[in-house]
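Each residue of the sequence shown is one higher than the one before, starting from 652 at the first, in the working numbering. Have a look at the structure below, then the notes.
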Amino acid sequence: MPQTRRFDENYFANLSFGVGTPPQTPSPAKQPSTPRGYFAFPPGSSRSARAERDPLTDAADGNERSGEARRPGKGGLPADAARDEQEARARHIQREKEIEIASAGEIEWVRSGGVLRDAQGRRDKVRTAQILAEIRLVEEEQRLTAVWEEHERRWRTLLASHDDVLTFRDIPWPLHPPPSSPADLVPAKITEFLLAPLRVRSCTVSKRDRLRTAMLRWHPDKITPLLSDRVAEDDAGAVRDGINVVFNACLGALHA
């Protein structure tokens, strides 16, 4: 037992004070020194983004990038939402243009006497009839607009000329075709002429406004001084009678 204790003491003494030669292990080859920063990595190894940068800096950059996405765009929306809305609007406009082009092609085809066909290649009589009705309506609107614009043009010409002698036919009566005598001035036809342009879908004038404007134009106290010195003597009576017919027609239609 005493020998065992001395063995133990010597053993621990050797360990504590380096006496003796413990087994040597081969030391690894010395690597070139590497500058050390926040983290040190062996040469040739790739540094991760998290090791290269301060975590606080990464968090700040992340907030900045997310802030860019949330930054208000047009209309107070985030940038991404504003961009999506703009792209959706552009797609909608493009679809509208495509539909307009396709519709124009269908209209011209039907106008030339063609018949539309559905997706299965069958004759689409319903769609063809709808487009044909639209063609006729547009043509009627164009005709009404042209007649009314010609009527207004004749009035402007009359007011711009001060020296020309006027006959009954020179007066821009509210009738188409123009009357040749007071007998052609039928109240119902006068009312139809005045109100027909209101059927044009783009017209914004009301029935009441159109009739009131006509009454002011054809009121005997207004128009007689304008024409009295210019109407040929042979036509003076016919012009006076025609003015009364037109005014009364407007008055009757306004109170109808």
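Quick reminder that beta carbons are idealized off the backbone N, C-alpha and C, glycines included. These numbers were taken from a predicted model, which means no experiment stands behind them.
Report task. Provide the residue(s) that pair with Arg852 in DSSP beta bridges, ordered along the chain. Result -> Paired residue(s): none; Arg852 is not in a bridge.
Requested in this report: Check each candidate in Arg852, Ala770 and Ile758 and name the one with the smallest Cα separation from Gln793.
Outcome: When Arg852, Ala770 and Ile758 are compared, the shortest CA-CA separation from Gln793 is found for Arg852.
Query raised in the report: What are the residues that DSSP puts in a beta bridge with Val882?
Result: Bridge pairing for Val882: Leu817 [DSSP].
Requested in this report: Following the continuous alpha helix (DSSP H) through Asp892, name the residue where it begins and the one where it ends.
Outcome: For Asp892, the uninterrupted alpha helix (DSSP H) run begins and ends at Ala887 to Leu905, by DSSP.
Query raised in the report: Nearest to Thr779 by CA position, among Arg787, Leu877, Leu767 and Asp815, is which residue?
Result: It is Leu767 whose Cα lies nearest to the Cα of Thr779.
Requested in this report: Quick one: grab the DSSP three-state call for Arg773.
Outcome: Arg773: coil per DSSP, three-state reduction.
Query raised in the report: Leaving out five residues before and five after Gly893 in sequence, what residues of the same chain have Cβ atoms less than 6 Å from its Cβ?
Result: Once the five neighbours on either side are set aside, the close Cβ partners of Gly893 are Pro833 and Leu836.
Query raised in the report: So which of Leu877, Gln737, Val896 and His743 has the shortest CA-CA distance to Ala811?
Result: It is Leu877.
**Report entry** Three or more C-beta pairs below 8 Å linking the region 838 to 847 and the region 816 to 826
**Finding:** A contact between stretches requires three or more CB pairs, one per stretch, nearer than 8 Å, and the region 838 to 847 meets this requirement with the region 816 to 826.
Query raised in the report: Starting from Ala839 and walking both ways along the alpha helix (DSSP H), at which residues does that stretch end?
Result: Residues Pro838 to Leu846.
Query raised in the report: Which residue or residues does DSSP assign as beta-bridge partners of Arg768?
Result: Paired residue(s): Arg774.
Requested in this report: Can you have a look at Val761 and say buried or exposed, based on whether 16 or more other CB atoms are within 10 angstroms of its CB?
Outcome: By the 10 Å Cβ count, Val761 comes out buried.
Report task. Return yes when the Cβ of Pro848 is within less than 8 Å of the Cβ of Trp799, no when it is not. Result -> Against a cut-off of 8 Å, the Cβ pair of Pro848 and Trp799 comes out as a contact.
Query raised in the report: Could you give the residue range of the alpha helix (DSSP H) that holds Ala865?
Result: Ala865 -> alpha helix (DSSP H) spans Lys858 to Trp869.
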